[in-house]
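Residue numbers (the UniProt record's numbering): 1 to 276.
Here it is as structure tokens:
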């Protein structure tokens with residue numbers, strides 16, 4: 001059976017969410033431990049308690065998620081929340097070590113247009129010329145998509161990105177096409193779940209899930225590699241997630257979606273980080 005056919009048959013790792021719609025605090029539901037795992041993975045629960053009770057901690061995690069994604073604040077696993085959680089996304093947590101940069105507390109009488117965020121301690125590259133290399137096994141047909149994603153970021157910054165040879169251990173950035181458990185304690189979950197993840201400066205690791213139905217450009221039932229690569233490069237350069245849905249640094253991207261133009265929020269974020 002071809003990989004694409006397997007991908008169509010296999011259910012999304014987030015499929016369980018549909019069975020939880022309508023549940024609220026006080027409920028006991030068989031599959032709630034899967035939701036706890038999801039919320040722990042993306043930073044909304046600090047510890048993983050695999051029980052099926054909808055308790056205060058779970059309600060607070062749901063409310064925080066709804067705040068981050070501009071959803072109605074209900075504390076309930078409603079249709080809107082399930083719909084958002086079910087979309088394929090980046091593997092980088094929204095909340096890291098208890099720090100939630102997606103939600104800005106308090107209110108302001110002014111219209112705030114910037115919703116970008118940075119990693120703790122603002123890590124960034126001490127140089128502007130960065131080399132990138134593909135690890136062995138990366139499909140040749142997708143290499144131009146990665147190159148185009150770097151080109152887009154170069155146009156909005158003072159970075160220059162130069163490709164090196166496959167397997168170059170001395171490259172600043174290392175790009176891999178892997179699946180499942182690939183040795184970084186962040187295993188991929190199969191098609192329709194976590195698409196990719198990348199490390200902040202200056203670790204330079206960028207991994208794409210090889211089981212996803214990738215395409216170059218938007219196509220039905222496919223994930224656009226250029227769009228995902230642009231998002232992960234943002235992490236490589238020091239940007240965390242944005243709550244602006246039109247931004248490249250927004251964590252979710254669905255099938256058939258093309259997001260290959262840097263948003264004002266993306267550009268403002270990277271320029272603020274590097275003082276441009």
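Think of the CB as a built atom: it goes at the ideal place given N, C-alpha and C, for glycine as much as any other residue.
Because the structure is a prediction, the values reported are computed rather than measured.
Which same chain residues, not among the five before or five after residue 161, have their C-beta less than 7 Å away from its C-beta?
The residue given as residue 161 occupies position 161 in the chain shown. Cβ within range, chain order: 130, 132, 150, 154.
May I have a chain-ordered list of the beta strand (DSSP E) segments no shorter than 3 residues that lie completely inside the segment 192-263?
Segments of the beta strand (DSSP E) lying fully in the segment 192-263: 194-198, 205-209.
With the cut-off set at 8 Å, would you say residue 77 and residue 254 are in Cβ contact?
To locate residue 77, count along the chain shown from 1; it is residue 77. To locate residue 254, count along the chain shown from 1; it is residue 254. Not in contact: residue 77 and residue 254 (Cβ atoms no closer than 8 Å).
Just how far apart, CA to CA, sit residue 178 and residue 226?
Numbered from 1 along the chain shown, position 178 holds the residue referred to as residue 178. Numbered from 1 along the chain shown, position 226 holds the residue referred to as residue 226. Rounded to whole angstroms, residue 178 to residue 226 spans 17 Å at the Cα level.
So which of 215, 195, 171, 180 has the shortest CA-CA distance to residue 205?
Working through the chain shown from its first residue, we reach residue 205 at position 205. For the residues 215, 195, 171, 180, the minimum Cα distance to residue 205 belongs to 171.
Thinking C-alpha only, which one of 231, 235, 262, 194 is nearest residue 203?
The sequence position of residue 203 within the chain shown is 203, counting from 1. Among 231, 235, 262, 194, the Cα nearest to that of residue 203 is on 235.
In the structure shown, what three-state DSSP assignment does residue 109 receive?
Locating residue 109 in the chain shown gives position 109, where the first residue counts as 1. For residue 109, the predicted structure reports a pLDDT of 32, less than 50, and the residue's modelled location is therefore unreliable. A value from the coordinates is still provided. In the structure shown, residue 109 sits in coil (DSSP, three-state: anything other than H, G, I, E or B).
Within its chain, find whatever has a CB closer than 8 Å to the CB of residue 72; leave out the 5 residues flanking it on each side and keep chain order.
On the chain shown, position 72 is the one that residue 72 refers to. Taken in chain order, the residues that qualify are 66, 78, 80.
Extent of the continuous beta strand (DSSP E) run through residue 147
Your numbering for residue 147 matches position 147 in the chain shown. That residue, residue 147, is in no beta strand (DSSP E); its alpha helix (DSSP H) goes 143-154.
What are the residues that DSSP puts in a beta bridge with residue 162?
Locating residue 162 in the chain shown gives position 162, counting from the first residue. Residue 162 is bridged to 131.
Can you name, in chain order, every residue of its own chain whose Cβ lies under 6 Å from the Cβ of residue 42, other than the five neighbours on each side?
For the purposes of this step, residue 42 is taken as residue 42 along the chain shown, with counting starting at 1. For residue 42, where only same-chain residues beyond five positions count, the Cβ hits under 6 Å are 93, 94.
For the beta strand (DSSP E) containing residue 175, name the first residue and the last one.
Taking the chain shown and counting its residues from 1, one reaches residue 175 at position 175. From DSSP, the beta strand (DSSP E) with residue 175 extends over 173-178.
Distance check for residue 140 and residue 127, CA to CA, integer angstroms please.
Taking the first residue of the chain shown as position 1, residue 127 is located at position 127. Taking the first residue of the chain shown as position 1, residue 140 is located at position 140. Roughly 28 Å separates the two Cα atoms.
Alpha-carbon spacing of residue 51 relative to residue 25, whole angstroms
The sequence position of residue 51 within the chain shown is 51, counting from 1. The sequence position of residue 25 within the chain shown is 25, counting from 1. Their backbone Cα atoms lie some 13 Å apart in a straight line.
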